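In this note's numbering, the protein residues as written are 54 to 411. Glycine residues also receive a C-beta, built at the ideal position from the N, C-alpha and C atoms. Nothing here was measured: the structure is a model prediction, and the numbers come from that model. Encoded as structure tokens, the structure appears first; notes follow it.
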Amino acid sequence: MTGAKLLGWEWFKLRRRRIIWLLVAIMVGFSAFMVLLRFGEYQFKKDAEVKDEVVFVAGGPQPEDDISFGCAAFIAGDRPELPPEVTLGDIDVALTSRECELELAETEERLVFLTEEFTLPGAIPRALRWTSIVSIPLLAFLTVLVVGSEYTWGTLRTTLSRGTGRRRLLAVKLALVALCAAALWVAVTVVIALTSLLATALASGVGHGEWTGAAAGDIAGDVARAWYSTLPYVALAALLSVLFSAWSGGTLAAAGISIGYFFFDLFSMARLLQLFDGASGFGWVADVADVDLGWNTAAWLFGEGGEPIRGFNLVGAIGQATYPGGIWSFAVQLAYLAAFAGAAFWLFQRRDIAGPTG
């Protein structure tokens, strides 16, 4: 059987499984949700009154409770209702006005940021990055189904007896996952764009950003970046599927470990960096982070020139600690990809194929 026919046969088996389409729906739905989430926050902040607290003259009478008021009204000359123990003369009008102006400026800055988050072209790279975090465990699970299911069914020995080489069979299975991931990222990008168009149409007075050749190139790069970030975890899931193939429940174990590893690695490294940042004798934590797969995946997806991307503050440390550079994180992921894939092919070539494992 040629590689193309083998790929077609693997796709035929895969597309008939309902759980695959459930995974697609989760990923597509999440990408649309990330756009709508920013749109909803924009609508809330746009309509909400910016409030602050009155600053009273130092040494003068002070109210028992803080007094809040609308900043725009205060700057326009309106004054809040005060309790009997203080008067308007006790208010530091200049300082309060400055505080209000800062609040209004910060709110306006936030509105500009949110607008860029749900309008094109800015909505696409931001939603892609967040969807990548969801895609990694989903595609790892997909890999376990593609590679490990035939062990459970007991059909792998039959497939190999037809003359299909082991290396070619595993390569086709992994290629199928990679191709499905690429197609899925294209579909996710289209969904993000359509959701952005809808959100922008619902937001009065908001238009899209400027479309340029550079913007289109950046989006293509972000799609490729999101796709590449999943490949080391696909290779890991394949390795675990082969490793646990001899045991009953091995497919479930491979899925659980590959997904659990991603979240444990990412969150634990973030927490360690937060706990030991600058601590004497713990410089090795940063050294470990520099070669850690989860941390370099976060750097690859969210780091901009080695710096945290604005608005990404997962478990405290991510968004604060400095990420490795893009070339370094690319190389680290490539090293893990080669190691996991190489081990998977080596083990698949040498391990005996048993009957159904249940």
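Rounded straight-line distance, which links the Cα of Val197 to that of Leu190: Correcting the residue type first, residue 190 is Pro in the shown sequence and not Leu. For Pro190 and Val197, the gap between their C-alpha atoms comes out near 11 Å.
Selected residue, minimal CA-CA separation from Pro136, among Asp340, Val146, Ala125 and Val107: Of the candidates Asp340, Val146, Ala125 and Val107, Val107 places its Cα closest to the Cα of Pro136.
The alpha helix (DSSP H) enclosing Ser282, as first and last residue numbers: Gly266 to Leu296 is the extent of the alpha helix (DSSP H) around Ser282.
For Phe166 and Phe92, believed in contact at Cβ under 8 Å, the rounded distance: Not a contact, Cβ separation roughly 13 Å.
CB-CB length for Thr184 against Phe83, believed under 8 Å: Taking a contact as a CB-CB distance under 8 Å, the pair Thr184 and Phe83 counts as one, their CB atoms being some 6 Å apart.
Selection from Ala352, Asp318 and Gln402 that minimises the alpha carbon distance to Trp381: The candidate whose alpha carbon is nearest that of Trp381 is Ala352.
Short Cβ contact (8 Å threshold) for Ile79 with Ala180: Ile79 is not a Cβ neighbour of Ala180, given a cutoff of 8 Å.
For Phe122, the first and last residue of its enclosing beta strand (DSSP E): Ser121 to Gly123 is the span of the beta strand (DSSP E), which, as asked, contains Phe122.
Cα-Cα separation between Leu292 and Leu90, rounded to whole angstroms: Between Leu292 and Leu90, the alpha-carbon positions lie close to 36 Å from each other.
Cβ-based neighbour list, Val88, same chain, cut-off 7 Å, excluding 5 preceding and 5 following: Here Val88 has Phe171, Ala176, Ala180, Ile245, Thr248, Ser249 and Ala252 as same chain residues with Cβ atoms under 7 Å from its own Cβ, once five neighbours each way along the sequence are excluded.
Span of the beta strand (DSSP E), counted from its first residue to its last, around Glu106: Judged by DSSP secondary structure, Glu106 falls within the beta strand (DSSP E) whose first and last residues are Lys104 to Glu106.
Three-state secondary structure (DSSP) of Phe335: Coil at Phe335, not helix or strand.
Reference Ile186; option with closest CA among Phe320, Gly274 and Trp62: For the options Phe320, Gly274 and Trp62, the alpha carbon positioned closest to that of Ile186 is the one of Phe320.
Cβ separation of Ala231 and Val287, assumed to be a contact under 8 Å, to the nearest whole Å: With a Cβ gap of about 7 Å, Ala231 and Val287 count as contacting.
CB of Leu326 within 8 Å of CB of Val344, strictly: Cβ distance not < 8 Å, so Leu326 and Val344 don't count as in contact.
Close-in-space but distant-in-sequence residues of the same chain around Lys66 (CB under 6 Å, 5 per side omitted): No residues qualify anywhere along the chain.
Own chain partners of Ala342 with C-beta closer than 7 Å, once the 5 adjacent residues on each side are dropped: Excluding its 5 nearest sequence neighbours in each direction, Ala342 has C-beta neighbours in its own chain below 7 Å: Met322, Leu326 and Trp348, listed in chain order.
Environment of Val225 [buried if 16+ CB atoms lie within 10 Å]: Within a 10 Å sphere around the beta-carbon of Val225 sit 16 or more other beta-carbons, which makes this residue buried.
Opposing strand residues paired with Ile144 [DSSP bridges]: Paired residues: Phe109.
Beta-carbon proximity of Pro174 to Trp280, cut-off 8 Å: Contact: no.
Residues of its chain near Ala384, where Cβ-Cβ distance is below 8 Å and the 5 sequence neighbours each way are ignored: Once the five neighbours on either side are set aside, Ala384 has no close Cβ partner at all.
Spatial neighbours of Gly260 in its chain, beta-carbon cut-off 8 Å, leaving aside the 5 residues before and after: Correct list, in chain order: Thr172 and Thr253.
Distance, Arg278 Cα to Tyr204 Cα: Computed Cα separation, rounded: 32 Å.
Pairwise C-alpha distance: Leu213 and Ala236: Going from the Cα of Ala236 to the Cα of Leu213 covers about 28 Å.
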